[in-house]
Amino acid sequence: MTTPLQQRWAASMMDNYGTPPLGLVSGSGAVLTAEDGRTYLDLLGGIAVNALGHAHPAVVEAVTRQLSTLGHVSNLYVSEPALQLAEELLAHLGHPGRVLLCNSGAEANEAAFKIARRTGRPTIIAAENGFHGRTMGALALTGQPGKRTPFEPMPAGVEFVPFGDVAALEAAVDADTAAVFLEPVQGEGGVVVPPAGYLAAAREITTRHGALLVLDEVQTGVGRTGTFFAHQADGVTPDVVTMAKGLGGGLPIGACIGIGAAGELLQPGQHGTTFGGNPVCCAAALAVLHTLAADDLLAHVAALGKELSAGIEALGHPLVSHVRGTGLLLGIVLTAPVGPAVVAAAEDAGFLLNAPGPAVLRLAPPLVLTSEQAQSFVDALPAILDRAAETSAQGALA
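In the numbering used here, each residue's number is its place in the sequence shown (first place is 1) plus 377.
Structure follows, in structure tokens:
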């Protein structure tokens, strides 16, 4: 049965993921309310976007105040919120650099792509199974052929290596390499964590060959993994970092940060964005950064992620192989390809999550998720998995 919002979507909206399974009308913290009044625990956070959950007072106040003071001005002029945000992001990074504010993760990666081109070298190395966005440049960097093939030919010069394989990276990088693009954790690829030391090896290899190391922190940045940037846990310093998702607390904003000399490669007129650095979105992002610090959310994320992961594995359910990931970006690896059935059963039980692959579930909840809310999911998970196994078996017999 389709709801009124679903019917209107099907009649008027162009597909991206197809007709959504739910129509949502409001949210508070980590709880969402659907058009029929039913509530759901949001364990996906708008795909890792809603860092402070829904309708957080700090974001609401900052956006309201900024919009009533100064809204859009474009990058032809300078505004205080954009400057303050750039300065605070550099402070979190801990290195001098330059920030380009934009509207999304894909747009941040497009800027990083152009920075790589400005080295004058022809080749970019990216990782198989990686995901960097759906615009043409970002899609060319995405190591998932199924997403690229319908839109080929792609921008040239991108080669792929297995993620986490130091020897393969060593063999691929040479004097023609402009940059290596990596995610510290492959989120859309199924929450895949590389072996310990992989990012450090990538740093050493790129430095030795004079290539840029670009880290896509679109999903892992802004505290998602328990440190402000995921790469900080590995003790490496990249040349370029991209970020978005959690930065605006629900408003569209991204950033491409060039560290040191990499921040000087783009010259005036070579790149631009009309909406990037919009004062209202910057005010929201500043509210997110200040709340992360005031509420000590990085420590909360690190502790709750371990608690949630341990709780799920302790269930000993035959459909759960193990849990991977870090902080509040977790992948529940299943022993059978029943991910979509689990997502549907979880929704029926009042929990929203997704399956980036047939045998893996992704949890990327608001960083303000409470221990009690996390435990409610752990308590409900065995029945959800049993229900998914049952419906999958019925489907196989039909």
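Glycine residues also receive a C-beta, built at the ideal position from the N, C-alpha and C atoms. Everything numeric in this text was worked out from a predicted model, so none of it was measured.
Out of curiosity, what's the CA-to-CA distance linking residue i and residue j?
i	j	result
His509	Pro656	26 Å
Glu536	Ile582	16 Å
Ala726	Val476	43 Å
Pro629	Pro743	16 Å
Arg601	Ala545	28 Å
Val755	Ile689	6 Å
Gln521	Arg511	11 Å
Asp551	Arg494	15 Å
Thr650	Pro733	30 Å
Leu692	Thr446	52 Å
Leu590	Thr703	22 Å
Ala639	Pro695	49 Å
Pro398	Glu484	27 Å
Gly598	Glu465	14 Å
Ala610	Ile636	18 Å
Thr380	Gly414	12 Å
Pro473	Leu467	7 Å
Glu560	Leu740	17 Å
Gly716	Gln750	22 Å
Ala435	Val665	8 Å
Ala428	Ala503	27 Å
Ala671	Gly482	26 Å
Asn486	Gly631	9 Å
Are residue i and residue j close, meaning C-beta to C-beta below 8 Å?
i	j	result
Phe528	Leu516	yes
Ala411	Leu401	yes
Glu364	Pro539	The chain is shown only over 378 to 775; residue 364 falls outside these bounds and no answer can be derived.
Ala439	Ala661	yes
Leu730	Ala723	yes
Val557	Ala579	yes
Phe605	His469	yes
Val568	Leu707	yes
Leu663	Leu462	yes
Val697	Leu681	no
Val745	Ala425	no
Cys633	Cys479	yes
Gly625	Leu675	no
Ala765	Val719	yes
Gly534	Thr496	no
Val617	Ala489	yes
With 16 as the cutoff for other CB atoms within 10 Å, does residue i come out buried or exposed?
i	result
Leu453	exposed
Glu641	exposed
Val437	exposed
Glu594	buried
His677	buried
Gln647	exposed
Thr747	exposed
Met390	exposed
Ala621	buried
Asn393	exposed
Note the first and the last residue of the continuous beta strand (DSSP E) segment covering residue i.
i	result
Leu738	Val737 to Leu740
Arg389	Per the sequence shown, the amino acid found at residue 389 is Ser instead of Arg. Per DSSP, Ser389 belongs to no beta strand (DSSP E); it is in the alpha helix (DSSP H), Pro381 to Ser389.
His586	Run containing His586: none in the beta strand (DSSP E); it sits in the alpha helix (DSSP H), Tyr575 to His586.
Glu412	Taken as a continuous stretch (DSSP letters only), Glu412 belongs to no beta strand (DSSP E), as it is neither H nor E.
His433	Unbroken run through His433: none, as it is neither H nor E.
Gly423	Gly423 -> not in any beta strand (DSSP E); alpha helix (DSSP H) instead, spanning Gly422 to Ala425.
Val599	That residue, Val599, is in no beta strand (DSSP E); it is neither H nor E in DSSP.
Leu477	Gly474 to Cys479
Ala503	Thr500 to Ala504
If you follow the alpha helix (DSSP H) that residue i is in, where does it begin and where does it stop?
i	result
Met620	Where Met620 is concerned, there is no enclosing alpha helix (DSSP H), although the beta strand (DSSP E) it sits in stretches over Val617 to Met620.
Asp551	Element bounds for Asp551: n/a, residue is neither H nor E.
Asp725	Gly716 to Ala726
His469	Glu457 to Leu470
Ile630	Run containing Ile630: none; DSSP gives neither H nor E here.
Phe490	Gly482 to Arg494
Leu589	Note, Leu589: premise wrong, no alpha helix (DSSP H); beta strand (DSSP E) at Leu589 to Asp593.
Thr668	Pro656 to Ala671
Would DSSP call residue i helix, strand or coil?
i	result
Pro733	strand
Asp392	coil
Ala515	helix
Val402	strand
Val450	coil
Ile562	Here residue 562 turns out to be Val, not Ile, going by the sequence shown. Of the three classes helix, strand and coil, the one that applies to Val562 here is coil, per DSSP.
Gly708	strand
Glu749	helix
Glu529	coil
Ser686	helix
Ser698	strand
Thr651	coil
Ala691	helix
Phe537	strand
Thr441	helix
Thr614	coil
Is any non-hydrogen atom of the ligand NAD found closer than 7 Å to the C-beta of residue i, if you look at the structure I gave you?
i	result
Val710	This structure simply doesn't include the ligand NAD, nor any ligand for that matter.
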